[in-house]
Every structure is written in C-alpha cells, then in structure tokens.
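Working notes, beginning with the structure itself.
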Amino acid sequence: MKLIFNKKGIKIEERKKNKKTRVHKGESLLLLPDNYVVLDVETTDFDYFYGEIIEICAKKYVDHTFESEFKTLIQPKQSIPSHITEKTGITDEMVFNQPQFEDVAADLMNFIGDSILIGHYVHFDVNFLYDNLLRCDYVLNNDMVDTLRLSRIFIKDIENHKLKTLCEKFNLPMPTHRAEPDVIATKYLYDLIRNMHQDNPNTLESFINHRRNRISKKSKSQTINLNMIESELDPNEIDKTNPFYNKNVSFTGRMEFLTKREAAQIVANLGGKTQNNVTRSTNFLVLGDLEYQQKQYGDKSSKHRKAEQLQKDGFDIEIITEITFLEMIDEEMLNV
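Structure (structure tokens):
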C-alpha cells in the first residue's frame, strides 16, 4: 500500500479488492445550472460500505421550475438501527412492503437521465447511489453541484454550514432527516445562493481563480510522498471549503491505510484539529478496522459508543470509516 499527495488530494495507488474507487463518478462542478435534479437519500449508516438506502427523493427542475419527481421508501436487507429510526422516524414497519433498491433502480436511472445532480454534501448521496446502482449493472456518471460547497463560498458569518443551520439563519423550510423535506430545503438554499451570486457575481469567479492559481503553484511538484509532509502548510494554501477545515477529528481502532500520526497530519494540513478523545466538540470520528475493533473490544470501542450517544443527543458528529475519510479528501479537497 502506498499513499501520496497530489494536486487533487490523496490518491491510493493500491486498495483492497473490496474497496473500489468510483472510476466513472461524475465531476463536482462550481456552477449554478438552470436545469437539474435535487436529490437526497436516507440510509441505515453513515458509511457507504455498511449502510443501506431506505429512502430516496429526487425532484427535477427545468429553468428552476419544478417538473416532476421520484420518491420512494426502500426496504433494506437488514433491520433499521434504532438510532436511525430516532433520527429519521423511518421504522422497519414502514419499509416492510416497500420495494428493494434493485426494484426501483431502472426507474431511478430513467428519471435522472443526464441531469446535473444537486444536493447538500451531495457526495454522500451520490456515493450511496453509485454503489447500489453498480450492483444493478447501472453506472451513475452524472456531474454534481454541492450546496454545502457553494454555501462555504458565499456564506461566511455562520456557526457551521449544515443544512439545518443555514435554513434556520435564512428562514428557509427546515430539513427533517427525511428525503423529501431535505430536498425541498436544499432547493430553497440553492435559490438563495443563486440570488447571492446575482448580487455579487465576482464571488464565485474569484474563488475559482484563487483555486486555479494555488493548483498551478503546486503542480511544479506533481506528487509528494506522505512521509515528506512534516510541517504545517501555509495558511493561505489551505482550502477553507474542505470538510475538515476548522473541524475536530478523532480516530479509533487500528488504521488500515494510514498510521494515526499520518492521518492527524492530513487533518492538520486541512486546517483541522485531531483530538485524543471524543467530546461534545468532536465533528468526525474515523473508524479503523471494524473487524479488529470487534475482536479488541467485543463490540465497539468506547469512542465509537460515545460518538453514537452524542449523535442521539443531537450533537454535530459524523462517524465514518477510514476509507470514507480518504474518499472525502480525494473528492472534496481540490475538485475544480
């Protein structure tokens, strides 16, 4: 296994066979399209490799006007975890007679067509859909626009850029952790950002030019061995729109692709902070080898259990695996 930095973040030259890269996945665009599909999925887990889709909503807009929709509950193969039911309100009884994903895959692909996909942290939704559609012999290669990414560019004076926080600040319809309300909230947020762009058209262009200049400087050294990155990057070189900027990250379990020191250095170079323990201020808990965790602790580590409890208590913490951590960096750092 070899890890390197390059101008698009982290690349893994070799991965375990069951850790496939989404080679046909579309591009993340810094555009404000007129025609698009706004989508959201609800899942049984935050991680793509262990979670299942339990609800999909997609609404198609032409010239920003609603045209049609696709929405359904999905019956997963496993029971819905209690904390997901508490979060979404979706129960095993609600999905019992609903179609499984493979039953709706063709209709979903026909509905989406070649539309640009819009979502709030849209990579989460697209990655789940990509993996599930691939198992049904479909390839999801649509380009995407992320309102989370756009909001970080246009909206600065705010505690965080969660959809709920943004909707509260601007009196938009509130998301509820159900697919359709979250799609509606995302559409309102997208319209708000479009209006901000009309008022300040140079904001997006200036951001794109800044990123291009930064990438051009880095391209003099196309790849840097991870072991060479020992010092903090210049603050002006940090992409403040990356998901780990100004965030607290904790790690638990044995890492498969990185040492914890290497992972902590990545977080630091992204403007984040690594914590030794999970606290109320933790934003991400990154899980190491889950099989090792089960052997070592019998079930879940104390950090893992505490993070799940904090989630139930309403704190802003995401639980992700190491491979998801790496994919987030690869997808979010320098996609222009």
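Under this note's numbering, the first residue of the sequence shown is numbered 701, with each subsequent residue one higher.
Even glycine gets a Cβ: it sits at the ideal position worked out from N, Cα and C.
Inclusion of phenylalanine 770 and aspartate 814 in the CB contact set at 8 Å is not warranted, their separation being larger than that value. Annotation for glutamate 802: the continuous alpha helix (DSSP H) segment containing it runs 801-812. At the C-beta level, lysine 1003 and valine 978 come within 8 Å of one another. Within the segment 945-997, the complete alpha helix (DSSP H) segments of 4 residues or longer fall at 960-969, 990-997, listed in chain order. Judged by DSSP secondary structure, leucine 773 falls within the beta strand (DSSP E) whose first and last residues are 765-773.
Each of Ile754, Met1028, Lys787 was checked against the Cα of valine 804, and the nearest Cα belongs to Ile754.
Here the C-alpha atom of glutamate 802 lies approximately 25 Å from the C-alpha atom of tyrosine 761. Of the other Cβ atoms in all chains shown, 16 or more fall within 10 Å of the Cβ of asparagine 969; this residue is therefore buried.
In the DSSP assignment, valine 883 falls within the unbroken alpha helix (DSSP H) covering 879-899. Straight across, the Cα-Cα distance linking glutamate 752 with threonine 886 is about 22 Å. The continuous stretches of alpha helix (DSSP H) do not include isoleucine 753, which lies in the beta strand (DSSP E) extending over residues 753-762. Counting only runs of 4+ residues, the alpha helix (DSSP H) found wholly inside the segment 813-878 occupies 822-835, 847-854, 863-869, in chain order. In terms of Cα proximity to aspartate 745, the closest of Leu889, Asp734, Glu1018, Leu732 is Glu1018. Take the alpha-carbon of aspartate 831 and the one of isoleucine 774: they are about 15 Å apart. Excluding its 5 nearest sequence neighbours in each direction, aspartate 734 has C-beta neighbours in its own chain below 7 Å: Asp763, His764, listed in chain order. Under a 10 Å Cβ-count criterion, arginine 835 is classified as exposed, with fewer than 16 other Cβ atoms of the shown protein chains found around its own Cβ. Sequence-distant partners of isoleucine 780 (beyond 5 residues in either direction) whose C-beta falls short of 8 Å from its own C-beta, in its chain, are Thr744, Ile754, Ile790, Thr791, Asp792, Val795. Between glutamate 786 and arginine 878, the gap from beta carbon to beta carbon reaches 8 Å or more. Put simply, of Phe749, Asp882, Asp837, Asp740 the residue whose alpha carbon is nearest the alpha carbon of threonine 1024 is Phe749.
In the structure shown, valine 723 falls within a coil segment according to DSSP collapsed to helix, strand and coil. Under the 10 Å beta carbon count, leucine 1010 is surrounded by 16 or more other beta carbons and is classified as buried.
Asparagine 946 and methionine 1028 have their alpha carbons spaced roughly 15 Å apart.
When C-beta atoms of the segment 838-849 are compared with those of the segment 869-883, fewer than three pairs fall below 8 Å, so the two segments do not count as touching. Residue environment: glycine 1014 is assigned as exposed (fewer than 16 neighbouring CB atoms within 10 Å of its CB, all protein chains considered). Straight-line measurement puts the Cα of isoleucine 853 at about 14 Å from the Cα of isoleucine 938. At a Cβ-Cβ threshold of 8 Å, asparagine 948 and threonine 982 count as neighbours.
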